[in-house]
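Asks: To convert, note that position 44 of the sequence shown is 53 in our numbering; the numbers rise steadily by one, no gaps.
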Amino acid sequence: MVELAICASLAFVISGCSDERHVVSIDVTEVTDEEVTDEEVTDDEGSSTEKSSSSSSAKSSSSSAEKSFFSKTWREDCLAKINEYRATENLDPLTFAPEEKQTCTDNQAADDLASNKAHGHFGDCGEGAQNSGPNFSTSWRKTATEATDAFLKMMWEDEKALVVSGERDPDKKEDYSYIGHYLNMKGNYKTVACGIALTEDSKKGWLNINFFRK
10 MVELAICASL AFVISGCSDE RHVVSIDVTE VTDEEVTDEE VTDDEGSSTE
60 KSSSSSSAKS SSSSAEKSFF SKTWREDCLA KINEYRATEN LDPLTFAPEE
110 KQTCTDNQAA DDLASNKAHG HFGDCGEGAQ NSGPNFSTSW RKTATEATDA
160 FLKMMWEDEK ALVVSGERDP DKKEDYSYIG HYLNMKGNYK TVACGIALTE
210 DSKKGWLNIN FFRK
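1. For Gly214, does the three-state DSSP call read helix, strand or coil?
2. Using the three-state DSSP reduction, which class does Thr154 fall into: helix, strand or coil?
3. Please classify Pro102: is it buried, with 16 or more other beta-carbons within 10 angstroms of its beta-carbon, or exposed?
4. Thinking just about the alpha-carbon of each residue, which of Asp178, Val172 and Thr157 is nearest to the one in Asn144?
5. Whole angstroms is fine: what's the gap from Gln111's alpha carbon to Val201's?
6. Just the Cα atoms here: how many angstroms apart are Asp210 and Lys181?
7. Distance check for Pro179 and Lys212, CA to CA, integer angstroms please.
8. State yes or no: is the C-beta of Val172 within less than 8 Å of the C-beta of Tyr191?
9. Contact between the region 124-134 and the region 152-166 is defined here as three or more beta-carbon pairs at a separation below 8 Å; is this criterion met?
10. Does DSSP classify Ser124 as helix, strand or coil?
11. With C-beta atoms as the reference, is Asn193 less than 8 Å away from Thr114?
12. Please tell me whether Asn217 and Gly204 are closer than 8 Å, where the distance is taken between their beta carbons.
13. Taking all protein chains shown into account, do 16 or more other C-beta atoms lie within 10 angstroms of the C-beta of Gly129, making it buried, or fewer, making it exposed?
14. Quick one: Cα of Asp167 to Cα of Ser146, how far?
15. Per DSSP, what kind of secondary structure is Ser146 in: helix, strand or coil?
16. Name the two residues that bound the continuous beta strand (DSSP E) containing Leu207.
17. Work out the CA separation of Ile91 and Ala159 for me, nearest whole Å.
18. Work out the CA separation of Tyr94 and Glu85 for me, nearest whole Å.
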């Protein structure tokens with residue numbers, strides 16, 4: 010909701026884009042891929058780099074060092090939560106994208122974390138839309154499911170509220186930057202992949218949720 014974005018003491022980021030290559034910003038003051046919550050401030054501007062999933066600064070969720078953060082069912086939890094929200098608008102449920110898309114989304118999250126650039130590798134996995142939760146602190150949420158649930162709640166509930174109130178219009182291109190996560194989640198997609206990467210010290214993470222047409 011808007012209050013999260015305008016309070017100076019709040020600082021957390023979520024961002025999203027679609028196959029139209031729009032970049033989502035929830036910050037009401039400037040379009041910088043940033044939304045805020047009540048966690049510590051992070052500095053999240055960087056540049057895109059080539060894929061480097063083996064980077065020393067980031068790694069995918071398959072690493073044994075991250076087992077305490079990732080449960081075996083966290084991807085299922087991610088899918089279930091998205092479909093739970095979609096069901097409230099009588100939308101068809103999504104299914105899992107193929108395994109190679111899941112792996113690609115993990116690696117893509119690691120690459121974005123390494124380059125510190127939201128959507129820096131958008132399209133690498135063939136996705137039509139992407140929602141991201143960049144540079145979150147694992148002290149904020151202790152598990153992948155908790156972090157994903159929290160981001161999805163903000164993406165759906167806060168942005169839908171802007172639509173319901175009439176403050177933002179889904180038919181206006183200029184409003185996409187404020188409600189793009191919600192529109193992506195309810196969009197005419199068929200499959201989804203959820204990927205998270207953590208830094209080597211597991212103190213920061215990066216979430217990418219990719220939506221596919223088939």
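C-beta: ideal position from N, C-alpha, C; glycine also.
Replies: In short:
1. strand
2. helix
3. Pro102 counts as exposed, since fewer than 16 other C-beta atoms from the protein chains shown sit within 10 angstroms of its C-beta.
4. The shortest Cα separation from Asn144 among Asp178, Val172 and Thr157 belongs to Thr157.
5. 8 Å
6. In this model, Asp210 and Lys181 are separated by some 42 Å (Cα to Cα).
7. Rounded to the nearest angstrom, the two C-alpha atoms are 36 Å apart.
8. Yes, the Cβ-Cβ distance between Val172 and Tyr191 is below 8 Å.
9. no
10. helix
11. Contact flag unset, no.
12. yes
13. buried
14. 21 Å
15. strand
16. Thr200 to Leu207
17. 12 Å
18. Going from the Cα of Glu85 to the Cα of Tyr94 covers about 14 Å.
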